[in-house]
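Student: Just so you know, we're using numbering that gives the first Met the number 0 here: the sequence shown kicks off at 0 and counts up by one. Quick one: the structure is below, and I'll ask about it shortly.
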Amino acid sequence: MSRIAIVSAMAQELHGLQQGLSGARCVQRAGREFWTGRLGAHDAVLVLSRIGKVAAATTVTLLLAEFGVERVLFTGVAGGLGPARVGDIVVADTLLQHDMDASPLFPRYEVPLYGLSQFPVDAGLSAALQVAAASALAGLHLEHLADFGIAEPRVRRGLILSGDRFVASAPEAAALQHAFPAALAVEMEGAAVAQVCHDFGVPFAVLRSISDRADDSAHVDFERFIADVASRCTVAILSAFTAT
Numbered sequence: 000m001s002r003i004a005i006v007s008a009m010a011q012e013l014h015g016l017q018q019g020l021s022g023a024r025c026v027q028r029a030g031r032e033f034w035t036g037r038l039g040a041h042d043a044v045l046v047l048s049r050i051g052k053v054a055a056a057t058t059v060t061l062l063l064a065e066f067g068v069e070r071v072l073f074t075g076v077a078g079g080l081g082p083a084r085v086g087d088i089v090v091a092d093t094l095l096q097h098d099m100d101a102s103p104l105f106p107r108y109e110v111p112l113y114g115l116s117q118f119p120v121d122a123g124l125s126a127a128l129q130v131a132a133a134s135a136l137a138g139l140h141l142e143h144l145a146d147f148g149i150a151e152p153r154v155r156r157g158l159i160l161s162g163d164r165f166v167a168s169a170p171e172a173a174a175l176q177h178a179f180p181a182a183l184a185v186e187m188e189g190a191a192v193a194q195v196c197h198d199f200g201v202p203f204a205v206l207r208s209i210s211d212r213a214d215d216s217a218h219v220d221f222e223r224f225i226a227d228v229a230s231r232c233t234v235a236i237l238s239a240f241t242a243t
């Protein structure tokens with residue numbers, strides 16, 4: 000079976016996955032720790048991406064160039080847009096850099112010389128991830144959900160926005176929603192991962208736990224949400240995904 004990379008934006012999430020990695024070996028490159036071994040039924044590499052588009056692009060480029068990775072999964076948290084609520088899981092179908100603007104040389108949001116503004120994910124990989132997410136959420140019992148006003152988390156599929164900015168104000172979130180009515184989430188790495196995987200012709204998927212509504216309350220209990228909810232949900236989802 001082909002080697003899969005799981006790139007985490009959260010240290011807590013990576014730690015949870017490392018506990019299930021058999022035959023673990025750590026390789027250091029460019030200040031990053033790449034953990035290789037077996038995760039469920041898969042030959043896997045686990046790594047922390049760091050924050051932002053350049054950091055994520057560097058991490059994924061190393062995975063593809065030096066570790067023989069043939070599929071990439073990127074996970075972490077995001078701010079929710081549109082119908083996506085705190086506690087929901089969003090699996091991307093396309094990703095776009097909302098801060099890309101090389102106009103008037105190229106249309107706004109289009110990545111120069113690519114002819115693309117939105118990068119599509121691998122349909123099969125994302126569908127399998129969506130199934131794993133639905134299965135994991137159905138069997139997951141977290142006592143802290145009510146503390147964050149979460150009743151019934153849902154798995155959603157759609158457009159995810161990326162930019163080198165932590166969106167944490169209602170006006171900015173509203174502006175993004177106006178510009179991209181179909182967007183479900185905003186974060187800081189996914190579209191860069193998509194561009195690198197596009198360059199290498201490697202299938203990829205992106206999964207995000209919604210930690211906030213990308214508004215003025217985005218910083219409230221952020222670390223606690225990651226520890227008590229997001230990291231546990233994602234580990235459960237990826238454990239279900241890698242089991243087969």
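Cβ coordinates follow ideal geometry from the N, Cα and C atoms, glycine included. Quick caveat, the model's predicted, so the values are computed rather than measured.
What do you get for G138, buried or exposed, if any count of 16 or more other CB atoms within 10 angstroms of its CB means buried?
Tutor: If you number the sequence shown from 1, residue 138 lands on position 139. Exposed is the call here.
Student: In this structure, does DSSP put L47 in helix, strand or coil?
Tutor: In the sequence shown, counting from the first residue as 1, residue 47 sits at position 48. Strand, per DSSP.
Student: Do the segment 91-102 and the segment 154-164 meet, that is, are 3 or more Cβ pairs less than 8 Å apart?
Tutor: yes
Student: With three or more beta-carbon pairs closer than 8 Å as the criterion, would you say the segment 81-94 touches the segment 26-37?
Tutor: The segment 81-94, when compared against the segment 26-37, does not touch it at the 8 Å Cβ threshold.
Student: Run through the DSSP bridge pairs and tell me what L38 is partnered with.
Tutor: Counting from 1 along the sequence shown, the entry for residue 38 is found at position 39. In the DSSP output, where bridge partners are listed per residue, L38 has L20 and H41.
Student: Going straight from the alpha carbon of D211 to that of G81, what length do you get?
Tutor: Counted from its first residue, the sequence shown places residue 211 at position 212. Counted from its first residue, the sequence shown places residue 81 at position 82. So the two alpha carbons sit approximately 12 Å from each other.
Student: Would the beta-carbon of D146 fall within 8 Å of that of A172?
Tutor: The residue you call residue 146 lines up with position 147 of the sequence shown. The residue you call residue 172 lines up with position 173 of the sequence shown. No.
Student: Please tell me whether E32 and V46 are closer than 8 Å, where the distance is taken between their beta carbons.
Tutor: Residue mapping note: residue 32 aligns to position 33 of the sequence shown, counting from 1. Residue mapping note: residue 46 aligns to position 47 of the sequence shown, counting from 1. Yes, the Cβ-Cβ distance between E32 and V46 is below 8 Å.
Student: So, is E111 buried or exposed, given that buried needs 16 or more other C-beta atoms within 10 angstroms?
Tutor: In the sequence shown, residue 111 corresponds to position 112, counting from 1. Inspection of the sequence shows that residue 111 is occupied by Pro rather than by Glu. Taking all protein chains shown into account, P111 has fewer than 16 neighbouring C-beta atoms within 10 Å of its C-beta and is therefore exposed.
Student: Counting only runs that start and end within the segment 181-225, where is the alpha helix (DSSP H) found for 4 or more residues in a row?
Tutor: 189-199 and 221-224
Student: Do you know whose CA, among G36, W34 and S48, lies nearest V192's CA?
Tutor: The residue you call residue 192 lines up with position 193 of the sequence shown. It is S48 whose Cα lies nearest to the Cα of V192.
Student: Rounded to a whole number of angstroms, what is the C-alpha to C-alpha distance between F199 and I88?
Tutor: Position 200 of the sequence shown holds residue 199. Position 89 of the sequence shown holds residue 88. In a straight line, the C-alpha of F199 is about 27 Å away from that of I88.
Student: Per the DSSP calculation, I88 is bridged to which residue(s)?
Tutor: For the purposes of this step, residue 88 is taken as the residue at position 89 of the sequence shown. DSSP lists V154 and S208 as partners of I88.
Student: Is the distance from the Cβ of L124 to the Cβ of A55 below 8 Å?
Tutor: Looking up residue 124 in the sequence shown gives position 125. Looking up residue 55 in the sequence shown gives position 56. Going by C-beta atoms, L124 is not nearer than 8 Å to A55.
Student: May I have the straight-line CA-CA distance separating T233 from V85, to the nearest angstrom?
Tutor: Taking the sequence shown and counting its residues from 1, one reaches residue 233 at position 234. Taking the sequence shown and counting its residues from 1, one reaches residue 85 at position 86. Near 14 Å, if we compare the C-alpha coordinates of V85 and T233.
Student: Could you check whether the segment 168-188 touches the segment 60-72, counting it as contact only if at least three pairs of C-beta atoms, one from each stretch, sit closer than 8 Å?
Tutor: Too few Cβ pairs lie closer than 8 Å, so no.
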